[in-house]
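Presented below is the structure to which this report refers.
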Amino acid sequence: MSSGGVPSAAATSSSQCCGQHGSRGHSARRAPPLAIHEQEVGVADTLQLEPLTEEAFVANLQQRFKRDLIYTSAGDVLVSVNPYKKLALYSLDVVEAYRTKALLSHLPPHIFALADKAHWNLRERNEEQCVVVSGESGSGKTEAARIVLQYVTVAGSGPTGAQQDPSLAPIKQVRDRLLQAGPLLEAFGNAKTHKNDNSSRFGKYLDVEFDFKGDPVGGTFTSYLLEKSRVTRQLAGERNFHIFYQLLTGADIQLLKSLKLHRNIDNYAFLRPSRPLSMETIDDKRDFQVTKKALETLGFSAEDVVQIFKVVASVLKLGNIGFTPTSNIDGTEGCTVTNDYELFEVCGLLGTNPMELTSALTQRTILAGPVLDSPSTNPAPPPPPPCGSLRGVKSGGCSSSVAGTPPSFVPSSSMSSTGSRDVYEVCEMLQHSTLARLTLADERGSSSTAGELVVADLSASEATASRDILCRALYSRLFAWLVKQVNDATRVRKYGKRKVLGIMDIYGFEVFDQNNFEQFIINFCNEKLQQAVAECTLRLRQDEMLREGIEWTPVDFFNNTPVCELIEKNNHGILAVLDEESQRGGPGGDESFLARLCHTCGSSAYFETRNCAPHSAPTDLPCNTSVPPNCFRLRHYAGTVTYNVAGFVEKNNDTLPLDLSLAMFRCEHPLLKNLFPEGNPKRTTLKRAASAGTQFKISVGALMGNLQSKTPHFIRCIKPNELKQPRIFENALVQHQVRYLCLVQTIKVRKTSFAHSESYESFLHRYKMLSPHTWPCWRGSAVEGASYLLRDLPLSSPHFAFGRTKIFIRSERTVSELEEFRRQRLEDLAASVQKMWRGYRCRQRYLLMRQSQIVIASAWRSWREWQIGKTRLFKGKKNLFCLYRVAREEYRELKRRKQIEWAVQVIQTHYLQWRRRQYLQRLCVSLPSDSPVCREWPMAAKRLADANLMLRRMHHKWRCHKYRLKFDQTARNRMREKVTASIIFKDRKASYPRSVSHPFLGDYVRLRQNVQWKKICVETNDQYVVFADIINKITRSSGKFVPILFVLSTSSMLILDQRTLQIKYRVPATEIYRLSLSPYLDDVAIFHIKASDLGKKKGDFVFHTGHVIEIVTKLFLVVQNAVGKPPEVNINTEFEANFGSQSVMFSFKCAGLPEVQPGQIKIMRKGSRMEVLV
């Protein structure tokens, strides 16, 4: 590749990939793809580089550069070092290797690999892509963008597909036009600079549209701000645009004669400064043939080509026109054309009157006097430059007063019709109806003071400036027209949904000894591009990791957003200040602009001028002698640049005098009416165009938005040396580029992050066919489906990470393996579909042939029987033959009925199967929720009632099982307690339904956190508390309530003082054998103790608590675990309790007595009976 420095080096090699052997440059030696592996040195993928430092990275680039390995992978970014010579890296074999094996093979980094990835994502994932090529001027961006375009245009049908298949002829035509548009635009928009022999002096963005097969069907070029000042002025050691030299060097004698040109470059003022420049890298004669071929391929006719070259020749001839100063009668300065023969030749090329062109170049029609009408409806023309002489009203031929006094205009008594027509046309063009009325008043001999249309003579220097403005306008508008014609030739002809792959080749960052408005605009564009690249590769990726909950260590990088805001901020940015100064007009605009910049932007750390340094106020400052006069300095991401403000305001205005527009529109040249539409006198509106800076700001903003809407792929081009020589690698220069391009930070972010991220829904939708769990339809959550899918693939878990909404894949290799698995699976599925379809077609054909055979055989047998019966069997026996016919018909009828019965059975069977299938399909989409408490279930036909009931039970059992699987151990224990409570109390205890919805918390007093309890439980071996709460103990004598702290551990039941936590009673779980309750809403429970020492002394315990269901359930489980069998649970209205020395009969009565409040109980002791009133 020879990008930038050698404009034709890579063009030849890369053109081989699309069969364009006649393209620019000589043929390069081909190398087989496998030879690339054998030559591999250094680290191709810098993710494996250790240690990862700037020095190590640059040393690796140098090691590979010496072996002509100019491509190195830096994570998601491809680094390309300009070799400044031809390399055999772009042959058809290499193209085919990367086109067919780039995803899974271990091929080294290559621009083809990046282009193939972008094209593959566009074709397979149906996502719009964009390839962003960035770097300094001379680093190889133009050639890199050309190679990408050549690859993606041939990647769909293969390098030779369009040449072999006649049906692909339209695709070949689109492909050729897209490829040939590059050399054409380069001829008119590229030039030699100090940094680059083929420097793009305009920005270019190409949208290539592809159909669903991946073949190109059209494209759209967008150009950004041609450096038109180069037409009239170049720095020492630089050249004008290529087309001028190509035309003079490569055109034949007849063409040059028709254009009135000579081959000698010294004959043309605009080319004379670059005459000694002769370069081995540029062959103007050969490139002219390439340009002509491009024009023919893009559909320009021979006449169109000649007209284009006439405009180019006119620019050269106009540059030779000189002006001689003259003195007018009033003593003011005017001028005349020095070399009339050049003027006549220009008029012959453009088809105009020499007098009109002379008048447009040496005079200026202006409006003098007070402002007319409202400025909102009648905008005044821009103020004229300082003029020599105001000779009078153009329509009246007035004379001016003596020099030094204000001119007084006296209308003449006679006026030519031509002059009157000119006035009317100019007035109509300016849309000043009042001005037209003033002119009519002059014709009638009346005076007017509202305003005058006057003609001003221009001085020689002003006429030269006017000539240069016209030359720049002619060339820049011709270039814009060429871009429009190229877009018309490459536009998609058919409507439909298509995907776009964008290729951006924007001018590189520039720093010259003298930096002007053009360098400021170019560097602003690069600043915005660097901001977008850093946003995508560094900030957004890190923000995504943090947002998705992935463990991440932030990587710092230089953020150039303040620089971009300093330039483009509304009302306070450099461009806004420049627009305000441009609208004010008047002399001294550049100095005023610099002063306002110092006042507005002087506090910025990225801005300084001679009168204000960074981080300081614009007043009371010492002179900053490091900044030259009339200059300001900006700290860009790629370094500090000093800009000279001379010409900023004028170039930002970018206005063309209406006299020149009118003169160009009147030319007979067919292109000029399209190039100068504002010169049409019949135009109804004349709006002030936006400034060049504002237009460029809007265009760059739209470009950045376009890039952000696509999936980007980045190529970072590196310039190895300033000499534009091969085999030279300047470490300091390369390290500076690596630093400001943030390549090491990009590798660090990529090394510790993931290569690919995708939402769970998108990931599952794309790869669901790889798992039997997710294919053909997954109805669960996307996260769960992705987890099942990855479990079924032979990929290790470290290659993946699960975020909150996205799945992350570690390496591109894993993504390639997934895509290969998917491709193989799709092939299997396609084979299955083909198999079923072919089987169906064959069976249908067999059934048709079988039916036809039956019909033919039946007809033939009938005919044979008729013939045999008529001649032999039934000869002379007509009655017998009639009986035979009747019997045969009855046999056929019986056979038909049997077939009908069989068909009815088959139809009935299939109908029932269809009904069952419909039922199952309807049931599948109308299943109730997964909640076990949901009682909804779809209805079914009577015939399917049993199956419906069975499926309902199975579904309920399944969702209960699924519900249980969600529980942890604590939740399972609680569910076990709830189930036990249901077994004990359901339909037996009236208070049980109230407890169902309340969870069993156990420790209601947070006893487990009590320090005193922790000491007590160690002594009693009751560390595991099952239940703890303040409940009421019922006294045996009177039935009163006494609050106590009730604790149930896994081994015993404890009764403690609620204040001192002193243990009053401790009953082992093995001593409890029965639990008694009433069936009513009371909360009384009796725990029966065995006849041990404690049982004989104290007897059974009677408690009252609001958690009676929970206490009994937990005690039931504790006793069951301790003894091995469950205790007896007695729920009755009467039962006996042991109170130590005596037995007491408990009797529960439910009666609405007035002394018992609702929800409360009353206990009375009557001898050996204890009555509980509920």
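Residue 704 in this note's numbering sits at position 704 of the sequence shown, and the numbers go up by one each step.
Each residue gets a CB set at the ideal place from its N, CA and C atoms; glycine is no exception.
Bounding residues of the beta strand (DSSP E) (the contiguous stretch that carries residue i)
i     : result
A74   : Y71 to A74
Q129  : Q129 to G135
F1046 : F1041 to S1049
Y1180 : It is not possible to answer for residue 1180, since the shown part of the chain is limited to 1 through 1174.
K1162 : K1162 to K1166
D1029 : V1025 to I1034
H669  : That residue, H669, is in no beta strand (DSSP E); it is neither H nor E in DSSP.
Environment of residue i [buried if 16+ CB atoms lie within 10 Å]
i     : result
A605  : exposed
N1132 : exposed
A981  : buried
C934  : exposed
H262  : exposed
T418  : Annotation note: pLDDT 39 at T418 (below 50); position unreliable, coordinate value reported separately. With fewer than 16 Cβ atoms within 10 Å of its Cβ, T418 is classed as exposed.
P216  : buried
A169  : exposed
I900  : exposed
M1170 : buried
I1161 : buried
A380  : Confidence at A380 is low in this model, with a pLDDT of 38, below 50, so its placement is unreliable and the value that follows should be read with caution. So A380 counts as exposed.
Beta bridge counterpart(s) of residue i as assigned by DSSP
i     : result
P273  : Answer is none; P273 lacks a bridge partner.
I1086 : S1076 and V1102
S80   : Y71 and C717
M504  : V132 and Y205
C335  : P325
G218  : E209
S931  : Paired residues: none, contrary to the question.
Cutoff 6 Å; reference residue i; Cβ partners in own chain excluding five residues on either side
i     : result
V1102 : I1034 and I1086
L114  : L78 and H713
V563  : E527 and Y606
G1099 : N1138, F1139 and G1140
F288  : Q246 and G250
V511  : V641
Residue i: first and last residue of the uninterrupted alpha helix (DSSP H) it sits in
i     : result
G319  : A302 to G319
N630  : Run containing N630: none; DSSP gives neither H nor E here.
I983  : Q969 to F985
V749  : L743 to T752
E580  : I574 to R584
T609  : First-last for T609: F607 to T609, but that is the beta strand (DSSP E), not the alpha helix (DSSP H).
H599  : G589 to C601
I567  : T561 to E568
V1123 : V1108 to V1123
H956  : A945 to L965
P183  : A169 to G189
Contacts around residue i, its chain only, beta-carbon distance under 8 Å, and the 5 residues preceding and following it disregarded
i     : result
F270  : V231, T232, N240, F244, V315, L316, G319 and C471
T694  : L575 and D579
L944  : R915, R916 and Y919
L1175 : This structure cannot settle anything about residue 1175, because the visible part of the chain is limited to 1 through 1174.
Contact set for residue i: own chain, Cβ-Cβ below 7 Å, skip 5 residues either direction
i     : result
D1022 : S1049, S1051, S1052 and L1054
K228  : R472, Y475 and S476
T358  : V337 and L343
Near the ligand ZN: residue i beta-carbon under 7 Å from a heavy atom
i    : result
D659 : No copy of the ligand ZN occurs in the structure displayed, which carries no ligand at all.
> Below 8 Å, can you find three or more Cβ-Cβ pairs linking the stretch 133-142 to the stretch 711-725?
Replying inline: yes
> Do the stretch 1125-1141 and the stretch 1066-1084 touch if we need at least three Cβ pairs shorter than 8 Å?
Replying inline: yes
> Do the stretch 778-790 and the stretch 717-734 make contact, defined as three or more Cβ pairs closer than 8 Å?
Replying inline: no
> With a cut-off of 8 Å, do at least 3 Cβ pairs link the stretch 699-712 to the stretch 499-506?
Replying inline: Cβ pair count under 8 Å is three or more, so yes.
>> For the pair the stretch 532-549 and the stretch 143-157, tell me if three or more CB-CB distances fall below 8 Å.
In response: The stretch 532-549 and the stretch 143-157 do not touch, with fewer than 3 CB-CB distances between them shorter than 8 Å.
>> Under 8 Å: do the stretch 282-301 and the stretch 183-200 share three or more Cβ pairs, one atom per stretch?
In response: yes
>> With three or more C-beta pairs closer than 8 Å as the rule, is the stretch 664-672 touching the stretch 348-365?
In response: yes
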